[in-house]
Amino acid sequence: MSQRTCLSVILAAGEGTRMKSAVPKVLHTIAGLPMVAHVVKAAEAAGSGELALVIGHGADEMRKAALKFAPKAEAFVQEKRLGTAHAVLAARAAISKGYDDILVMFGDTPLIDPEALATARLKLAEGAAVVVVGFRTENPSGYGRLIEKAGKLVAIREEKDCSDEEKKITFCNGGLMAVAGRHALKLLDQVGSKNAKGEYYLTDIVEIAAAQGFDVVATEASFENALGINNRAELAQAEGIWQQRRRREAMLSGVTLIAPETVFFSHDTEIGADTIVEPNVWFGPGVKVATGAKIHAFSHIEGATIASNCDVGPFARLRPGADLRTKAKVGNFCEVKQAIVEEGAKVNHLTYIGDARIGAGANIGAGTITCNYDGYSKFFTDIGEGAFIGSNSSLVAPVSIGKGGYIASGSVITESVPDDALAFGRARQRTLPGKGKELRERFSQAAAARKKG
Ligand code: UD1
Ligand code: CA
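Heads up: the sequence shown runs through residues 4 to 456, numbered per this note's numbering.
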């Protein structure tokens with residue numbers, strides 16, 4: 004089948020306003036990736052390299068954003084929203100280039116399964132002219148019904164055009180359609196608009212093709228393939244299904260999730276076997292975790308690389324550019340941004356590390372802050388191998404601490420410290436014997452005098 008050429012036409016014009024958003028509907032995200040990009044990925048996974056994106060008039064912002072995720076796609080504008088067949092025909096120039104297979108998908112249906120697309124293409128390869136991906140549901144209202152005669156698909160009837168008998172049919176059109184490229188334009192050009200909505204329905208090509216003796220086939224896929232997102236409640240529903248699938252995939256690939264329903268992945272999260280993820284962990288985009296890591300509860304991680312056997316959290320925040328090397332530790336209430344934490348280094352408590360390198364085996368005491376920003380620019384802190392940073396130290400960047408350097412607790416370090424040096428950056432302690440008692444007496448007498456007066 005791989006020799007067959009394939010064009011995917013993704014319809015995303017004429018979006019409603021039920022998202023109540025300034026952002027076009029298909030750019031709302033599932034697992035951090037715009038819906039339309041999920042559709043593009045599914046098309047690519049089903050071997051469809053060529054993409055035509057049909058967008059509405061004045062959708063320039065959307066064209067730009069969508070093409071970021073599908074640089075190879077060609078965008079076509081459907082000037083008026085006259086129906087799904089009309090929308091497909093907006094991409095006439097692409098279709099007429101001549102492909103074996105044409106896939107039609109909706110940009111707001113992000114959970115489509117590449118398997119369903121591949122099955123549909125297989126049917127085309129076997130000689131079908133039109134393949135409809137259907138699904139069964141107890142609650143078919145709103146969907147086009149698949150009308151079969153003697154086991155053959157003969158038409159799709161939209162809800163508004165259904166007779167009472169037809170409304171009882173529970174086999175529905177999921178919206179995915181595959182059409183033989185050599186017949187596609189001929190079939191689409193015959194579609195009229197005599198129906199309850201006065202639209203040019205893509206679904207009408209089923210009846211047209213069947214009546215002309217073409218082979219028309221319905222395949223069956225799961226409901227998710229048809230889950231169209233029209234509002235934010237449906238967006239959350241799709242997110243939920245996506246997360247469920249991904250968690251299962253992670254667990255089956257050797258990752259332990261103690262409370263899977265509380266762990267959230269991004270579309271591109273990579274996570275290695277024997278990693279244990281405790282409850283309530285969030286993986287934002289761009290996270291790679293190698294094997295055997297422990298991600299403790301309530302950690303928030305994005306754009307970070309975590310090498311094998313690292314220990315993260317609980318309550319750790321790893322921001323973009325956090326790069327933890329083998330066996331590094333970042334503990335509770337620590338934030339790491341744009342910094343390398345080399346092998347075995349420890350950042351265990353209440354610390355901010357930004358724009359820095361921490362050498363192998365270094366120990367960063369509780370409350371250490373890299374002061375990386377002066378309100379205008381960011382500066383770098385370099386901490387050498389095996390260095391020890393005493394608790395509650397501020398390292399004012401740009402600054403470097405040499406290998407084995409030792410920083411006294413509570414220091415404010417503004418000058419670089421050479422290898423193996425000890426640095427104090429704080430006032431010396433003075434201890435005055437008996438003075439504490441004297442002070443207490445003085446204060447209590449003063450308070451008593453004030454009460455009397
Ligand atoms: C469509 C199908 C229906 C199916 C259902 C599955 C048709 C006629 N009906 O109905 O059989 O059960 O999907 O969800 O195809 N669009 C355009 N331009 C247009 C019209 C639509 O780009 O002029 C795009 C929309 O942005 C949307 C998609 O096509 O992404 C589907 O259109 P919509 O009007 O939502 O069709 P449904 O009534 O849901
Ligand atoms: Ca719809």
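From the three backbone atoms N, C-alpha and C, an ideal C-beta is built for every residue, glycine too. Nothing here was measured: the structure is a model prediction, and the numbers come from that model.
Close-in-space but distant-in-sequence residues of the same chain around residue i (CB under 6 Å, 5 per side omitted)
{"i": "G370", "result": "L353, S394 and N395"}
{"i": "I13", "result": "V42, L56, M108 and G110"}
{"i": "P143", "result": "T173 and C175"}
{"i": "D157", "result": "Sequence check: residue 157 is Val here, not Asp. Excluding positions up to five away in sequence, the list reads I150 and A213."}
{"i": "G86", "result": "E202, Y203 and Y204"}
{"i": "R251", "result": "none"}
{"i": "V315", "result": "I298, S302 and V333"}
{"i": "F336", "result": "F318 and L353"}
{"i": "A119", "result": "V136, A224 and N228"}
{"i": "G428", "result": "S414, V415 and I416"}
Classification of residue i by the beta-carbon crowding that lies within 10 angstroms, buried from 16 upward
{"i": "I261", "result": "exposed"}
{"i": "G243", "result": "exposed"}
{"i": "V136", "result": "buried"}
{"i": "I279", "result": "exposed"}
{"i": "K28", "result": "buried"}
{"i": "G216", "result": "exposed"}
{"i": "L230", "result": "buried"}
{"i": "S166", "result": "exposed"}
{"i": "H60", "result": "exposed"}
{"i": "S99", "result": "exposed"}
{"i": "G437", "result": "exposed"}
{"i": "A236", "result": "exposed"}
Through-space distance from residue j to residue i, alpha-carbon basis
{"i": "E264", "j": "K332", "result": "26 Å"}
{"i": "A276", "j": "C374", "result": "36 Å"}
{"i": "E345", "j": "P288", "result": "22 Å"}
{"i": "G52", "j": "S11", "result": "8 Å"}
{"i": "K454", "j": "F446", "result": "13 Å"}
{"i": "Y355", "j": "A325", "result": "12 Å"}
{"i": "A62", "j": "Y203", "result": "22 Å"}
{"i": "G195", "j": "M254", "result": "50 Å"}
{"i": "L54", "j": "K381", "result": "42 Å"}
{"i": "K291", "j": "E305", "result": "9 Å"}
{"i": "R21", "j": "E82", "result": "21 Å"}
{"i": "A25", "j": "I232", "result": "16 Å"}
{"i": "R322", "j": "W285", "result": "12 Å"}
{"i": "Y379", "j": "I416", "result": "20 Å"}
{"i": "A34", "j": "I115", "result": "14 Å"}
{"i": "K349", "j": "R320", "result": "15 Å"}
{"i": "S452", "j": "Q432", "result": "According to the sequence as given, residue 452 is Ala; it is not Ser. Distance between the alpha carbons of A452 and Q432: 33 Å."}
{"i": "L435", "j": "N351", "result": "35 Å"}
{"i": "D385", "j": "S256", "result": "37 Å"}
{"i": "A121", "j": "L398", "result": "57 Å"}
{"i": "A363", "j": "A430", "result": "30 Å"}
{"i": "E418", "j": "I372", "result": "15 Å"}
{"i": "E269", "j": "F318", "result": "One detail in the question is off: residue 269 reads as Ser in this sequence, not Glu. Each residue's Cα considered, the two are about 19 Å apart."}
{"i": "M4", "j": "F226", "result": "Residue placement at M4 is poorly supported in this model, since its pLDDT is 49, which falls under 50; the coordinates still yield a value, given next. About 26 Å."}
{"i": "A40", "j": "E141", "result": "30 Å"}
{"i": "V209", "j": "T112", "result": "21 Å"}
{"i": "A449", "j": "G439", "result": "16 Å"}
{"i": "Y376", "j": "D271", "result": "30 Å"}
{"i": "I159", "j": "I211", "result": "10 Å"}
Cβ shell of residue i (< 7 Å), same chain only, five flanking positions each side left out
{"i": "F383", "result": "D358, A359, A400 and P401"}
{"i": "N312", "result": "G295, A296, T329 and K330"}
{"i": "D207", "result": "A88 and V194"}
{"i": "W245", "result": "I33, A34 and L114"}
Contact test: residue i Cβ vs ligand 4 heavy atom, cutoff 8 Å
{"i": "V57", "result": "The model depicted lacks ligand 4 and carries ligand 1 and ligand 2 instead."}
Same chain, Cβ closer than 8 Å to residue i, five either side skipped, listed in chain order
{"i": "T259", "result": "D277, T278, I279 and V280"}
{"i": "K200", "result": "G86, E161 and K163"}
{"i": "A424", "result": "G405, G408 and Y409"}
{"i": "A97", "result": "L10, V12, E53, A55, E77 and F79"}
Presumed contact (8 Å Cβ cut-off) between residue i and residue j, rounded CB distance
{"i": "T222", "j": "A123", "result": "6 Å"}
{"i": "N228", "j": "F138", "result": "6 Å"}
At least three beta-carbon pairs within less than 8 Å, the region 94 to 109 to the region 119 to 134: Yes, since at least three Cβ pairs between the region 94 to 109 and the region 119 to 134 fall closer than 8 Å, the two stretches touch.
Sufficient close CB pairs (3 or more, under 8 Å) joining the region 139 to 153 to the region 179 to 194: Three or more beta-carbon pairs separated by less than 8 Å are not found between the region 139 to 153 and the region 179 to 194, which leaves the two stretches without contact.
Three-pair Cβ contact test at 8 Å for the region 62 to 78 versus the region 184 to 199: Result no; under three Cβ-Cβ pairs closer than 8 Å.
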